[in-house]
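Trainee:
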Amino acid sequence: MQSTRTFTDKLFLVIKGLGMGAANKVPGVSGGVVAFVAGFYEEFIYSLQKVNGKAFKLLINGRFKSFFRYINGRFLSLLFLGMIVSYFSVSKILDYLIIHYELYVWSVFFGMIIGSIYYIGKDFDDWCNKTIVSVCIGILIGISISFLDPATENDNLWFVFFCGMISVTGMTLPGFSGSFILILLGNYVLLLVDSVNALYDTVFDVFTGDFSFVSNPERIRMLKVLAVFTLGSVAGLVSFSHILNYVLKHYRNITLSLLMGFIIGSLGVVWPWKETIYKASENSTLILDSRGEKIIENYSRYLPEIQSETFIAIAYILLGIIIVLALEWYGQKTRKLNG
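Structure below.
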């Protein structure tokens, strides 16, 4: 899987990481779809499953270069660099766009997922009873998830670790939105908003020489929650990658058809024409997060009316499809140059 990459390839890999990071944070969108469409999904899974006993043995013995080469470190480091930068930049921009241009943002994502389905299905020619059943199962699971009722927030560290393991499926399973899973588990705001804000504030305090946060029990609690969530995410990422690498190697067509079903089923979650349902207390008062913003509980979907806004949204859907086709064209061009 290792290959010589040009500076342009490395730059695009960081940009793809930005895309994955942004997609992972948006409820209903899967970072795995970005990996699938951008043509590095299998290398991503292969590289993650190399984080195993042999890798840790190399690390413990101080053979850092061998360790880095063994786990395809250059690829993973560039990708994760993009994801980390995304959480403090692109994802913040997306937060703003979703608040002010919600319909058009969802339209672009909807178009990208339609393009993803075309991308995966166009070269898939091994249709049989097993693969058709796998697609149907994937669709049913994807649709069912979008209609589940969310749980209440829970900051128990064992549950937070579990949330980390489950939410990371959005990176390894195209069509499974990790952030939407966190909404269903009740911990989206706690883990992707409050704890991330606590980390951001802490980094800023450290750089300005202010260490008063060490005596702030709420800040320490948030940092502890984020640390456990991160550990759970790493554990989930490595364990899921081993499972996926095995099934892709031994049951490739069934796995791909199941993933295709997940992605088709996720169209229900990212349907552009929907109203956001916010969490409310028993007396119908809206519940706010630490920033004073309303907490998303779920979505109510409806059919669009014939008006100018609808046609603009359809144009954005087409834009989403074009983005995917452009990524596919770039991926094919890159493979030919490297081939």
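So the sequence shown is numbered by my numbering: it starts at 6 and just counts up by one. Note that the Cβ used here is the ideal one computed from N, Cα and C, for glycine as well.
Can you tell me the Cα-Cα spacing of V113 and N77, whole angstroms?
Mentor: Numbered from 1 along the sequence shown, position 108 holds the residue referred to as residue 113. Numbered from 1 along the sequence shown, position 72 holds the residue referred to as residue 77. Between V113 and N77, the C-alpha separation is close to 32 Å.
Trainee: DSSP has R306 in a bridge; who is on the other side?
Mentor: Taking the first residue of the sequence shown as position 1, residue 306 is located at position 301. BP columns for R306 point to K279.
Trainee: Could you give the distance in angstroms between the alpha-carbon of K135 and the alpha-carbon of I142?
Mentor: Within the sequence shown, the letter at position 130 stands for residue 135. Within the sequence shown, the letter at position 137 stands for residue 142. One C-alpha to the other measures close to 11 Å.
Trainee: Just curious, the alpha helix (DSSP H) that A240 is in, first and last residue?
Mentor: Here residue 240 refers to the residue found at position 235 of the sequence shown. Where A240 is concerned, the enclosing alpha helix (DSSP H) stretches over P222 to H255.
Trainee: Taking 8 Å as the threshold (C-beta atoms), are L99 and P277 in contact?
Mentor: Position 272 of the sequence shown, counted from the start, is the residue given in the question as residue 277. Position 94 of the sequence shown, counted from the start, is the residue given in the question as residue 99. No, these two residues do not count as a Cβ contact at 8 Å.
Trainee: On the three-state DSSP scale, how would you describe G44?
Mentor: Position 39 of the sequence shown, counted from the start, is the residue given in the question as residue 44. Looking at G44 - three-state DSSP - the assignment turns out to be coil, as it is neither helix nor strand.
Trainee: Kindly indicate which three-state DSSP category G22 falls into: helix, strand or coil?
Mentor: Counting from 1 along the sequence shown, the entry for residue 22 is found at position 17. DSSP places G22 in helix when its eight states are reduced to three.
Trainee: Tell me whether the stretch 258 to 265 and the stretch 184 to 192 touch, counting them as touching only if at least three CB pairs, one residue from each stretch, are closer than 8 Å.
Mentor: With the cut-off at 8 Å, the stretch 258 to 265 and the stretch 184 to 192 do not touch.
Trainee: May I ask which residues mark the beginning and end of the alpha helix (DSSP H) holding V90?
Mentor: Position 85 of the sequence shown, counted from the first residue, corresponds to residue 90. Residues G78 to Y92.
Trainee: Does the separation of the CB atoms of L431 and L197 fall below 8 Å?
Mentor: What is shown of the chain runs 6 to 344, which leaves residue 431 out entirely.
Trainee: Just the C-alpha distance for V19 and A43, rounded to the nearest angstrom, thanks.
Mentor: Here residue 19 corresponds to residue number 14 of the sequence shown, with the count starting at 1. Here residue 43 corresponds to residue number 38 of the sequence shown, with the count starting at 1. The straight-line gap from Cα to Cα measures roughly 12 Å.
Trainee: Which two residues bound the contiguous alpha helix (DSSP H) that contains G214?
Mentor: If you number the sequence shown from 1, residue 214 lands on position 209. G214 -> no alpha helix (DSSP H), and no H or E assigned at all.
Trainee: Using only CA atoms, which one of E310, F216 and Y51 lies nearest to N250?
Mentor: The residue labelled residue 250 in the question sits at position 245 within the sequence shown. Nearest option by C-alpha distance: Y51.
Trainee: Between which two residues does the alpha helix (DSSP H) containing E107 stretch?
Mentor: Within the sequence shown, residue 107 is the residue found at index 102, counting from 1. E107 to G126 is the span of the alpha helix (DSSP H), which, as asked, contains E107.
Trainee: Y124 to L272, Cα distance in whole Å?
Mentor: Taking the first residue of the sequence shown as position 1, residue 124 is located at position 119. Taking the first residue of the sequence shown as position 1, residue 272 is located at position 267. Rounded to the nearest angstrom, the two C-alpha atoms are 15 Å apart.
Trainee: Could you check how far apart the C-beta atoms of F218 and R224 are, in whole angstroms? I think they sit under 8 Å.
Mentor: By 1-based counting over the sequence shown, the position of residue 218 is 213. By 1-based counting over the sequence shown, the position of residue 224 is 219. Sure, about 5 Å apart at Cβ, within 8 Å.
Trainee: I believe G120 touches V329 by the beta-carbon criterion, under 8 Å. Please report the beta-carbon distance rounded to the nearest angstrom.
Mentor: Position 115 of the sequence shown, counted from the first residue, corresponds to residue 120. Position 324 of the sequence shown, counted from the first residue, corresponds to residue 329. Between V329 and G120 the Cβ distance is about 3 Å, and since that is below 8 Å, they are a contact.
Trainee: In whole angstroms, what is the alpha-carbon distance linking T315 and P309?
Mentor: Locating residue 315 in the sequence shown gives position 310, counting from the first residue. Locating residue 309 in the sequence shown gives position 304, counting from the first residue. Those two C-alpha atoms are separated by around 7 Å.
Trainee: Measure the Cβ-Cβ separation of G147 and G270 and say whether it is below 8 Å.
Mentor: Working through the sequence shown from its first residue, we reach residue 147 at position 142. Working through the sequence shown from its first residue, we reach residue 270 at position 265. Cβ distance < 8 Å, so G147 and G270 count as in contact.
Trainee: Verify whether the separation of the beta carbon atoms of Y92 and K21 is less than 8 Å.
Mentor: Within the sequence shown, numbered from 1, the residue matching residue 92 stands at position 87. Within the sequence shown, numbered from 1, the residue matching residue 21 stands at position 16. In this structure, K21 does not lie closer than 8 Å to Y92 by Cβ.
Trainee: Indicate whether the contact test is met: 3 or more Cβ pairs, each with one atom in the stretch 228 to 236 and one in the stretch 164 to 174, closer than 8 Å.
Mentor: Yes, since at least three Cβ pairs between the stretch 228 to 236 and the stretch 164 to 174 fall closer than 8 Å, the two stretches touch.
Trainee: Go through its chain and collect everything with a Cβ distance to A60's Cβ below 8 Å, but skip five positions before and after it.
Mentor: Position 55 of the sequence shown, counted from the start, is the residue given in the question as residue 60. So the qualifying residues of the chain are F72, Y75 and I76.
Trainee: Would S172 and S246 be called neighbours here (beta carbons separated by less than 8 Å)?
Mentor: Residue 172 sits at position 167 when you count from the first residue of the sequence shown. Residue 246 sits at position 241 when you count from the first residue of the sequence shown. No, the pair does not count as a contact, with Cβ atoms beyond the cut-off.
Trainee: Leaving out five residues before and five after I144 in sequence, what residues of the same chain have Cβ atoms less than 6 Å from its Cβ?
Mentor: Start at 1 with the first residue of the sequence shown, and residue 144 comes out as number 139. Excluding positions up to five away in sequence, the list reads G266, I269 and G270.
Trainee: Residues in its own chain within less than 8 Å of I322 by CB, not counting five upstream and five downstream?
Mentor: Sequence index remark: in the sequence shown, residue 322 carries index 317 (1-based). These residues qualify, in order along the chain: S112, V113, F115, G116, I119 and P277.
Trainee: Give me the residue from K279, L81, F212 and F209 with the minimum Cα distance to Q54.
Mentor: Numbered from its first residue, the sequence shown carries residue 54 at position 49. Residue L81 is the option with its Cα nearest to Q54.
Trainee: Spatial neighbours of W334 within its chain, please: C-beta separation below 7 Å, excluding the five flanking residues on both sides.
Mentor: Taking the first residue of the sequence shown as 1, we reach residue 334 at position 329. None.
Trainee: Could you tell me if M6 is buried or exposed, where buried requires 16 or more neighbouring beta carbons within 10 angstroms of its beta carbon?
Mentor: Position 1 of the sequence shown, counted from the first residue, corresponds to residue 6. Caution applies to M6, whose pLDDT of 49 falls short of 50 and renders its modelled position unreliable; the value that the coordinates give is listed next. Looking at its Cβ environment, which holds fewer than 16 other Cβ atoms inside 10 Å, M6 is exposed.
Trainee: Which residues bound the alpha helix (DSSP H) around R74?
Mentor: The residue given as residue 74 occupies position 69 in the sequence shown. That run of the alpha helix (DSSP H) goes F69 to Y75.
Trainee: Give the secondary structure of V56 by DSSP, where H, G and I count as helix, E and B as strand, and everything else as coil.
Mentor: As a first step, residue 56 is located in the sequence shown; it is residue number 51 there, counting from the start. V56: coil per DSSP, three-state reduction.
Trainee: Out of A331, K279 and A27, state which residue places its alpha-carbon closest to the alpha-carbon of R306.
Mentor: On the sequence shown, position 301 is the one that residue 306 refers to. Taking only the C-alpha atoms, the option nearest R306 is K279.
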